[in-house]
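Engineer:
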Amino acid sequence: MLIYDKGTMEIDGVEHEAEVDYEEHEGSIVIHEIRAIRNVTTNGSDVWYSKEGHVHYGKKKEKLVVTNFCNKGAWKEEISSYLDYLNSTGE
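Numbering (my numbering), first residue to last: 276 to 366.
So this is what it looks like as structure tokens:
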């Protein structure tokens, strides 16, 4: 399984980072899961609490699975374009 983490998505007017779990199968991209990532805290000195009530320090991100709400075809095109770019630059 591969992870594409260069994209973003808009939810309720707010731009969020995105992650896509995918694989290449017989020359095509197969999407397994798409996640939106929300920054809960952004500073290393921030304090946040887990669901169990434990205190934590530092940056905190939450991931939300949004696969069923996204256009998988658009993500396939974006990932394919990115892979084509990497292949053309020799990376």
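Glycine included, C-beta positions come from ideal geometry on N, C-alpha and C.
Could you check how far apart the C-beta atoms of Lys-336 and Arg-313 are, in whole angstroms? I think they sit under 8 Å.
Structural biologist: Translated into positions along the sequence shown, residue 336 becomes position 61. Translated into positions along the sequence shown, residue 313 becomes position 38. Their Cβ separation, rounded to whole angstroms, is 7 Å, which keeps Lys-336 and Arg-313 in contact under 8 Å.
Engineer: Quick one: what's Ser-303 bridged to in DSSP?
Structural biologist: Sequence index remark: in the sequence shown, residue 303 carries index 28 (1-based). According to DSSP, which records beta bridges pairwise, Ser-303 is partnered with His-300.
Engineer: Please return the same chain residues whose Cβ sits closer than 7 Å to the Cβ of Thr-316, not counting the five positions on each side in sequence.
Structural biologist: Position 41 of the sequence shown, counted from the first residue, corresponds to residue 316. Trp-323, Lys-334, Lys-335, listed in sequence order.
Engineer: Between which two residues does the beta strand (DSSP E) harbouring Lys-224 extend?
Structural biologist: Absent from the structure is residue 224, since the part of the chain shown begins at 276 and ends at 366.
Engineer: Taking Cβ to Cβ, would you say Thr-283 is nearer than 7 Å to Glu-308?
Structural biologist: Along the sequence shown, read from residue 1 onward, the residue named residue 283 stands at position 8. Along the sequence shown, read from residue 1 onward, the residue named residue 308 stands at position 33. No, they are not a contact pair.
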